[in-house]
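This note's numbering applies: residue 36 is where the sequence shown begins, and numbers increase by one.
Even for Gly, the Cβ is constructed at its ideal location relative to N, Cα and C.
Since we're looking at a predicted model, the values are computed, not measured.
Read the structure below first, then the notes.
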Amino acid sequence: MNITILGSTGSIGASTLDVVARHPDKFRIIALTANSQAELLFRQCRQFKPRYAVLLDEDAAAQLRLMVREDGLNTEILSGAKALEQVSVLPEADTVMAAIVGAAGLQPTLAAARAGKKILLANKETLVMAGNVFMDAVRASGSVLLPIDSEHNAIFQALPRGYDGNLAGNGVRRILLTASGGPFRDTPLGEMQNITPEQACAHPNWVMGRKISVDSATMMNKGLEVIEAHWLFNASADDIQVVVHPQSVVHSLVEYVDGSVLAQLGNPDMRTPIAYGLAYPERIDSGVAPLDLFKVATMNFSAPDFARFPCLSLAYQALRSAGTAPAVLNAANEVAVAAFLDKQIPFLSIPRVIEAVLDALPVKAVGSLEDVLSADAEARRAAQRQIQRLVK
Ligand code: NAD
Ligand code: MG
Numbered sequence: 036m037n038i039t040i041l042g043s044t045g046s047i048g049a050s051t052l053d054v055v056a057r058h059p060d061k062f063r064i065i066a067l068t069a070n071s072q073a074e075l076l077f078r079q080c081r082q083f084k085p086r087y088a089v090l091l092d093e094d095a096a097a098q099l100r101l102m103v104r105e106d107g108l109n110t111e112i113l114s115g116a117k118a119l120e121q122v123s124v125l126p127e128a129d130t131v132m133a134a135i136v137g138a139a140g141l142q143p144t145l146a147a148a149r150a151g152k153k154i155l156l157a158n159k160e161t162l163v164m165a166g167n168v169f170m171d172a173v174r175a176s177g178s179v180l181l182p183i184d185s186e187h188n189a190i191f192q193a194l195p196r197g198y199d200g201n202l203a204g205n206g207v208r209r210i211l212l213t214a215s216g217g218p219f220r221d222t223p224l225g226e227m228q229n230i231t232p233e234q235a236c237a238h239p240n241w242v243m244g245r246k247i248s249v250d251s252a253t254m255m256n257k258g259l260e261v262i263e264a265h266w267l268f269n270a271s272a273d274d275i276q277v278v279v280h281p282q283s284v285v286h287s288l289v290e291y292v293d294g295s296v297l298a299q300l301g302n303p304d305m306r307t308p309i310a311y312g313l314a315y316p317e318r319i320d321s322g323v324a325p326l327d328l329f330k331v332a333t334m335n336f337s338a339p340d341f342a343r344f345p346c347l348s349l350a351y352q353a354l355r356s357a358g359t360a361p362a363v364l365n366a367a368n369e370v371a372v373a374a375f376l377d378k379q380i381p382f383l384s385i386p387r388v389i390e391a392v393l394d395a396l397p398v399k400a401v402g403s404l405e406d407v408l409s410a411d412a413e414a415r416r417a418a419q420r421q422i423q424r425l426v427k
């Protein structure tokens, strides 16, 4: 199998390369991409000898070109946003791991779908922003789409093989989407105003990039995942129940009408869903330790606290509003999270910014990628205005 990894220097990208390195007989890396991390991408090029490497940043790409030339590597270095799309549609790569963070992942991932690639989808923002456009492209080209987000990978595994997008027709009553509740599940509400970026990024169970770590702390991550599940499994907001499960061992469940509930369990390590996606429909070693149930010993489940985590309600609300609302939610969230990480706004202002933007912008229908991109741009401007107001 020949693979392009979009976002190879990130948390998911590194875990993907870890699994790939365990199976040199099965997988070949055709292209690696990153934002600006020339040094790390160079080390990956040395190890995996891709045909192409892309850096979004031109200066970083020039630096990488020099390093690659001095080392005598055969990797061709490209740069810019168009190059990300180019390596997503290469005829010599059959599989694309979509692991860029945020809206930047949309266009290259969509290009891969239009080209009929097998897509391992970690970039949930693609589905949140442009679910119908992306799913139409997947269907039109006959792409195989495999969810890498651990919850969606679990649901995919617990649904019947070849699931056709009809929950009721397959005897499914509900999807139960588990959530750890993040680092502030039990923090006294009075202390939540002073949460620092460092505290928000210290997730109890998962090691992840900074943006998704903050999303986990606000539970926006779960909100985005509800929308992601809607598009992947053709499930309505009412079909999806969030279940707080602090141990992060049960990765999600599917409840059937006969009372059966099927779950997928495992240690919280993204190499499991990544290996599942890479080898599908077979199974391969991922390097993840076997789950020790005796060590886990206890598993807890509870209902989500919507008052503590308003981002979760905002996401359900955006899903119900449909059209451009989820793209607006996503863009406002990205801007608010960046402002929080930059110490411009406090933690509790993240949902306030998003809510104000959702209230300010009318919901429009989405017929094309352009509709999504203009809603995204408008929401970013509106979010910046909200933040300026808060900073004053
Ligand atoms: P990360 O921040 O660790 O890595 C992001 C990658 O994208 C890096 O390689 C970076 O160079 C690249 N990138 C960033 N901005 C870019 C831009 N503007 N253009 C091109 N490339 C850019 O993020 P991550 O934690 O690996 O998450 C990646 C995606 O996977 C996100 O959508 C996240 O929601 C999803 N995801 C992550 C996890 C996890 O455990 N980390 C779990 C489930 C889903
Ligand atoms: Mg997840």
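State the CB to CB distance for the pair residue i and residue j, rounded to an integer number of angstroms; the pair is presumed to be in contact (CB under 8 Å).
{"i": "Ile-230", "j": "Phe-382", "result": "4 Å"}
{"i": "Ser-185", "j": "Pro-308", "result": "5 Å"}
{"i": "Ala-441", "j": "Asn-158", "result": "Missing from the structure shown is residue 441; the chain here goes from 36 to 427 and no further."}
{"i": "Val-279", "j": "Ser-337", "result": "5 Å"}
{"i": "Ile-190", "j": "Gly-312", "result": "With a Cβ gap of about 14 Å, Ile-190 and Gly-312 do not count as contacting."}
{"i": "Val-372", "j": "Ala-418", "result": "Going by Cβ atoms, the distance from Val-372 to Ala-418 rounds to 10 Å, so no, they are not a contact pair."}
{"i": "Arg-149", "j": "Leu-108", "result": "That pair is no contact at about 30 Å."}
For residue i, name the three-state secondary structure that DSSP assigns.
{"i": "Ala-150", "result": "coil"}
{"i": "Glu-111", "result": "strand"}
{"i": "Gln-282", "result": "coil"}
{"i": "Glu-290", "result": "strand"}
{"i": "Met-132", "result": "strand"}
{"i": "Ala-138", "result": "helix"}
{"i": "Val-124", "result": "coil"}
{"i": "Val-242", "result": "coil"}
{"i": "Asn-37", "result": "strand"}
{"i": "Gln-72", "result": "coil"}
{"i": "Ala-49", "result": "helix"}
{"i": "Ala-237", "result": "coil"}
{"i": "Arg-104", "result": "helix"}
{"i": "Leu-67", "result": "strand"}
{"i": "Leu-354", "result": "helix"}
Measuring alpha carbon to alpha carbon, tell me which of the options ends up nearest residue i.
{"i": "Leu-212", "options": "Ala-148, Thr-222 and His-187", "result": "His-187"}
{"i": "Thr-39", "options": "Gly-137, Ala-264, Leu-156 and Thr-307", "result": "Leu-156"}
{"i": "Leu-495", "options": "Pro-143, Leu-108 and Arg-57", "result": "One cannot answer for residue 495 here, as it falls past the ends of the chain, which runs 36 to 427."}
{"i": "Ala-395", "options": "Ala-414, Gly-258 and Val-331", "result": "Ala-414"}
{"i": "Ser-321", "options": "Val-55, Gly-42, Gly-45 and Ser-43", "result": "Val-55"}
{"i": "Leu-224", "options": "Arg-343, Ala-362 and Gly-137", "result": "Arg-343"}
{"i": "Gly-137", "options": "Asp-199, Gly-42 and Ala-88", "result": "Gly-42"}
{"i": "Leu-376", "options": "Glu-233, Phe-219, Arg-104 and Glu-127", "result": "Glu-233"}
{"i": "Ser-287", "options": "Glu-317, Gln-299, Arg-209 and Ala-357", "result": "Gln-299"}
{"i": "Leu-297", "options": "Leu-162, Ala-362, Ser-46 and Gly-206", "result": "Gly-206"}
{"i": "Ile-262", "options": "Pro-59, Ser-356, Leu-425 and Leu-328", "result": "Ser-356"}
{"i": "Lys-378", "options": "Ala-235, Pro-397, Gln-282 and Glu-260", "result": "Ala-235"}
{"i": "Arg-450", "options": "Val-131, Val-323 and Pro-361", "result": "With the chain covering only 36 through 427, there is no way to say anything about residue 450."}
{"i": "Pro-44", "options": "Leu-75, Glu-405, Ala-272 and Ile-64", "result": "The residue asked about is misnamed: residue 44 is Thr in this sequence, not Pro. Of the candidates Leu-75, Glu-405, Ala-272 and Ile-64, the one whose C-alpha sits nearest the C-alpha of Thr-44 is Leu-75."}
{"i": "Ala-332", "options": "Ala-350, Ser-295 and Val-285", "result": "Val-285"}
{"i": "Ser-178", "options": "Arg-208, Ala-146 and Met-164", "result": "Ala-146"}
{"i": "Ala-270", "options": "Val-277, Arg-420 and Arg-209", "result": "Arg-209"}
{"i": "Asn-240", "options": "Ser-283, Asp-60 and Ala-410", "result": "Ser-283"}
{"i": "Ser-114", "options": "Pro-126, Gln-98, Val-407 and Asp-340", "result": "Gln-98"}
{"i": "Ala-73", "options": "Arg-424, Arg-387 and Leu-101", "result": "Leu-101"}
{"i": "Glu-260", "options": "Leu-349, Leu-202 and Gly-197", "result": "Leu-349"}
{"i": "Asp-94", "options": "Phe-83, Ala-69 and Tyr-87", "result": "Ala-69"}
{"i": "Lys-152", "options": "Glu-127, Ser-409, Leu-354 and Val-292", "result": "Glu-127"}
Quick one: Cα of residue i to Cα of residue j, how far?
{"i": "Gly-48", "j": "Leu-181", "result": "16 Å"}
{"i": "Ala-304", "j": "Leu-194", "result": "The sequence shown places Asp at residue 304, rather than the Ala named in the question. Looking at the two C-alpha atoms, the distance is approximately 21 Å."}
{"i": "Met-243", "j": "Ala-252", "result": "12 Å"}
{"i": "Gly-140", "j": "Leu-364", "result": "16 Å"}
{"i": "Leu-119", "j": "Ser-71", "result": "13 Å"}
{"i": "Asn-368", "j": "Pro-345", "result": "12 Å"}
{"i": "Arg-174", "j": "Ile-154", "result": "12 Å"}
{"i": "Gly-204", "j": "Phe-268", "result": "12 Å"}
{"i": "Ala-412", "j": "Leu-326", "result": "44 Å"}
{"i": "Ser-384", "j": "Pro-85", "result": "43 Å"}
{"i": "Ile-389", "j": "Lys-257", "result": "15 Å"}
{"i": "Val-89", "j": "Ala-391", "result": "37 Å"}
{"i": "Ile-275", "j": "Glu-317", "result": "28 Å"}
{"i": "Leu-67", "j": "Asp-171", "result": "26 Å"}
{"i": "Val-398", "j": "Asp-273", "result": "21 Å"}
{"i": "Leu-393", "j": "Ala-360", "result": "7 Å"}
{"i": "Glu-105", "j": "Leu-125", "result": "26 Å"}
{"i": "Ala-116", "j": "Asp-53", "result": "26 Å"}
{"i": "Gln-352", "j": "Ile-380", "result": "24 Å"}
{"i": "Gly-294", "j": "Arg-220", "result": "30 Å"}
{"i": "Arg-196", "j": "Tyr-315", "result": "11 Å"}
{"i": "Thr-161", "j": "Ile-64", "result": "23 Å"}
Does any residue of chain B have a CB that is nearer than 8 Å to the CB of residue i?
{"i": "Val-242", "result": "Looking at the structure shown, chain B is missing, and only one protein chain is on hand."}
Every unbroken alpha helix (DSSP H) inside the region 365-422 [4 residues or more]:
384-395
Would you list the residues whose beta-carbon is nearer than 6 Å to any heavy atom of the ligand FAD, in the order they occur in the chain?
Of the ligands one can find in the structure shown, namely the ligand NAD and the ligand MG, none is the ligand FAD.
Please list the segments of the alpha helix (DSSP H) lying wholly inside the region 156-216, counting only runs of 4 or more residues, in order along the chain.
159-176 and 185-193
Where in the region 293-336 do unbroken runs of the alpha helix (DSSP H), each at least 4 residues long, occur, reported from the N-terminal end onward?
306-314 and 328-331
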